[in-house]
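Going down the list, the sequences are from chains R and G. Read in order, the letters of the first sequence are residues 158 to 381 in the working numbering. Read in order, the letters of the second sequence are residues 158 to 381 in the working numbering. Idealized CB from N, CA, C, for every residue including glycine. First comes the structure, then the notes that go with it.
Number of protein chains: 2
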Amino acid sequence: MPAQPSHNAPPPGSDALRADALRADARENRDRILRAAREAYALHGIDVPISAIARRAGVGVATLYRRFPTRASLITEAFTEQLAECAGVLDEALEEPDPWRAFCRVFTKVCAMQAADRGFTHAFLARFPDEPSYAGERDRAEEGLALLVRRAKEAGALRPDFDVSDVVLALLANNGVANSTQAESAAASRRLVGYLLESFRARPDIKQLPPPARLGLDRLGGPE
Amino acid sequence: MPAQPSHNAPPPGSDALRADALRADARENRDRILRAAREAYALHGIDVPISAIARRAGVGVATLYRRFPTRASLITEAFTEQLAECAGVLDEALEEPDPWRAFCRVFTKVCAMQAADRGFTHAFLARFPDEPSYAGERDRAEEGLALLVRRAKEAGALRPDFDVSDVVLALLANNGVANSTQAESAAASRRLVGYLLESFRARPDIKQLPPPARLGLDRLGGPE
Numbered sequence: 158m159p160a161q162p163s164h165n166a167p168p169p170g171s172d173a174l175r176a177d178a179l180r181a182d183a184r185e186n187r188d189r190i191l192r193a194a195r196e197a198y199a200l201h202g203i204d205v206p207i208s209a210i211a212r213r214a215g216v217g218v219a220t221l222y223r224r225f226p227t228r229a230s231l232i233t234e235a236f237t238e239q240l241a242e243c244a245g246v247l248d249e250a251l252e253e254p255d256p257w258r259a260f261c262r263v264f265t266k267v268c269a270m271q272a273a274d275r276g277f278t279h280a281f282l283a284r285f286p287d288e289p290s291y292a293g294e295r296d297r298a299e300e301g302l303a304l305l306v307r308r309a310k311e312a313g314a315l316r317p318d319f320d321v322s323d324v325v326l327a328l329l330a331n332n333g334v335a336n337s338t339q340a341e342s343a344a345a346s347r348r349l350v351g352y353l354l355e356s357f358r359a360r361p362d363i364k365q366l367p368p369p370a371r372l373g374l375d376r377l378g379g380p381e
Numbered sequence: 158m159p160a161q162p163s164h165n166a167p168p169p170g171s172d173a174l175r176a177d178a179l180r181a182d183a184r185e186n187r188d189r190i191l192r193a194a195r196e197a198y199a200l201h202g203i204d205v206p207i208s209a210i211a212r213r214a215g216v217g218v219a220t221l222y223r224r225f226p227t228r229a230s231l232i233t234e235a236f237t238e239q240l241a242e243c244a245g246v247l248d249e250a251l252e253e254p255d256p257w258r259a260f261c262r263v264f265t266k267v268c269a270m271q272a273a274d275r276g277f278t279h280a281f282l283a284r285f286p287d288e289p290s291y292a293g294e295r296d297r298a299e300e301g302l303a304l305l306v307r308r309a310k311e312a313g314a315l316r317p318d319f320d321v322s323d324v325v326l327a328l329l330a331n332n333g334v335a336n337s338t339q340a341e342s343a344a345a346s347r348r349l350v351g352y353l354l355e356s357f358r359a360r361p362d363i364k365q366l367p368p369p370a371r372l373g374l375d376r377l378g379g380p381e
């Protein structure tokens, strides 16, 4: 059948309709790939091979690369929602007048997100210099966290020898718990967070701690 | 050359000497396999394949299986020394008159051993029903630990809501820290242990914790 001239509402079989269908197809592929990536990252962390994600999505590796030319573009896109959620938690916490409550809320929330999703902390904390908007969000989160720590210390609620690297220490510990406890991971992580917050609180009788280890936030992107 | 009759000190080339040499050879192979196994477990945990251990020891897989017919026999033999060390720490702690100091000493020591050797905690806590002497030591350690916890609570030093499963929780957390911090693992683990002991201490103003997760000691043998 020969193509008909294009109108405002193209009749069935027209070029425009075909283009619409193609776009819908592409969007569906894209969504399917992102869903598969999120699932794979949640289960196995962000080091899972691209081919495994393509298989899980039911698309070819070539199709995946056409939508997401780099590994970083797929990771950052897959985690955009959680990154926004995390940024929201931080923004809210920075409005909270009680600095200790603000610190506890963020710490608790980030640990819960980490326990629910193996990929999230890795993705959140890994550096992707070629993805400037993602890197910008990440840096903003790091600064927000440092500000919360400083305020909670100045208020005399967080122990004075608390080091920003202790947040990383705690996230690594939480990772160890979440990764080994399967069905109990949320409960185990909550219990650990309860203990850690107890140990972070300033008190008149705190015991001296061993010095902080040199841990940067990028530690969480490393091998487990 | 015909074999000479055997004397107290057999002359060179005799059957007895050859048997001695064979025994020395076998012993050397055995030691080499155990050394390789300890190194491999320390780096990669006890799930490392037998073939990788044979390769590291420079012996064939058949030779390895001749010396250690089962995986469990190799693991338990490789960890005999550390198990004895751990049992010694526990025995000493059970003699210590101050129950809080006893608890802290054992907790600190076990966490340090875990940070130094990825394989140790797995080997120590995994159940090997076919290796009764090993299983016996392990059960004794578990009982000793439970006794230390009870005494420290009764003395009012350990918080009353501390659960024995919290030892497992802490070991999983310590594992997460030790496995992700490479050169800093000892320092990072010490810092975490310092925080955890702070949170375990009984105080007049403790905050209620989320309930303990259902964690058995066998959790540590699971996937990471």
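Name the one or two DSSP bridge partners that R:Leu-315 has.
-> R:Arg-358
Mind checking G:Ser-208: buried by the 16 CB within 10 Å criterion, or exposed?
-> exposed
Alpha carbon to alpha carbon, what distance is there between G:Phe-319 and R:Leu-315?
-> R:Leu-315 and G:Phe-319 have their C-alpha atoms spaced approximately 23 Å apart.
DSSP state of R:Lys-364, grouped into three classes?
-> coil
Does the beta carbon of R:Ser-171 come closer than 9 Å to any beta carbon on chain G?
-> At a cut-off of 9 Å between beta carbons, R:Ser-171 makes no contact with chain G.
Between the beta-carbon of G:Thr-265 and the beta-carbon of G:Leu-200, is there less than 9 Å?
-> no
For the stretch 181-208 of chain R, which residues have a CB atom closer than 8 Å to at least one CB atom of chain G, in sequence order?
-> none
Hey, would you say G:Thr-220 sits closer than 9 Å to G:Ile-190, going by beta carbons?
-> Yes, these two residues count as a Cβ contact at 9 Å.
Which chain G residues sit within Cβ distance under 8 Å of R:Thr-265?
-> In chain order: nothing, as chain G lies at least about 10 Å away.
Counting contacts by CB-CB distance shorter than 9 Å, is R:Tyr-352 in contact with chain C?
-> Judged by its chain identifiers, the structure shown contains no chain C, and its protein chains are R and G.
Buried or exposed (CB count within 10 angstroms, at least 16 for buried), R:Ala-202 = Note on residue identity: the sequence assigns Gly, not Ala, to residue 202 of chain R. Buried: at least 16 other Cβ atoms inside 10 Å.
Beta-carbon spacing of G:Leu-349, R:Leu-326 below 9 Å = yes
Can at least three beta-carbon pairs, one atom from the stretch 360-372 of chain R and one from the stretch 282-300 of chain R, be found at a separation below 8 Å?
-> no
Answer with buried or exposed for G:Val-218, where buried requires no fewer than 16 other C-beta atoms within 10 angstroms of its C-beta.
-> exposed
Quick one: residues in its chain with C-beta nearer than 6 Å to the C-beta of R:Leu-240, no 5 flanking neighbours on either side, listed in chain order?
-> Glu-294
Per-residue contacts from R:Arg-371 into chain G (C-beta, under 7 Å) | Those are Glu-341, listed as they occur along chain G.
Give the straight-line distance between the Cα atoms of R:Asp-382 and R:Gly-276, rounded to the nearest whole angstrom.
-> Outside the displayed range of chain R (158 to 381) lies residue 382 of chain R, so it cannot be described from this structure.
Proximal residues of chain G, C-beta to C-beta of R:Val-334 below 8 Å = Correct list: Leu-326, Leu-329, Ala-330, Gly-333.
With 16 as the cutoff for other CB atoms within 10 Å, does G:Ala-259 come out buried or exposed?
-> buried
To the nearest angstrom, how far is it from the Cα of R:Ala-194 to the Cα of R:Leu-231?
-> 8 Å
Which parts of the stretch 226-259 of chain G are runs of the alpha helix (DSSP H), unbroken and 4 residues or longer, counting only runs that do not cross its ends?
-> 228-235, 237-252
Alpha carbon to alpha carbon, what distance is there between G:Arg-184 and G:Leu-363?
-> The amino acid at residue 363 of chain G is misidentified as Leu; the sequence shows Ile. So the two alpha carbons sit approximately 56 Å from each other.
Indicate whether at least one CB of chain R lies closer than 9 Å to the CB of G:Leu-366.
-> yes
State yes or no: is the C-beta of R:Ala-359 within less than 9 Å of the C-beta of R:Lys-310?
-> yes
Taking buried to mean at least 16 other C-beta atoms within 10 Å of its own C-beta, is G:Pro-256 buried or exposed?
-> Taking all protein chains shown into account, G:Pro-256 has 16 or more neighbouring C-beta atoms within 10 Å of its C-beta and is therefore buried.
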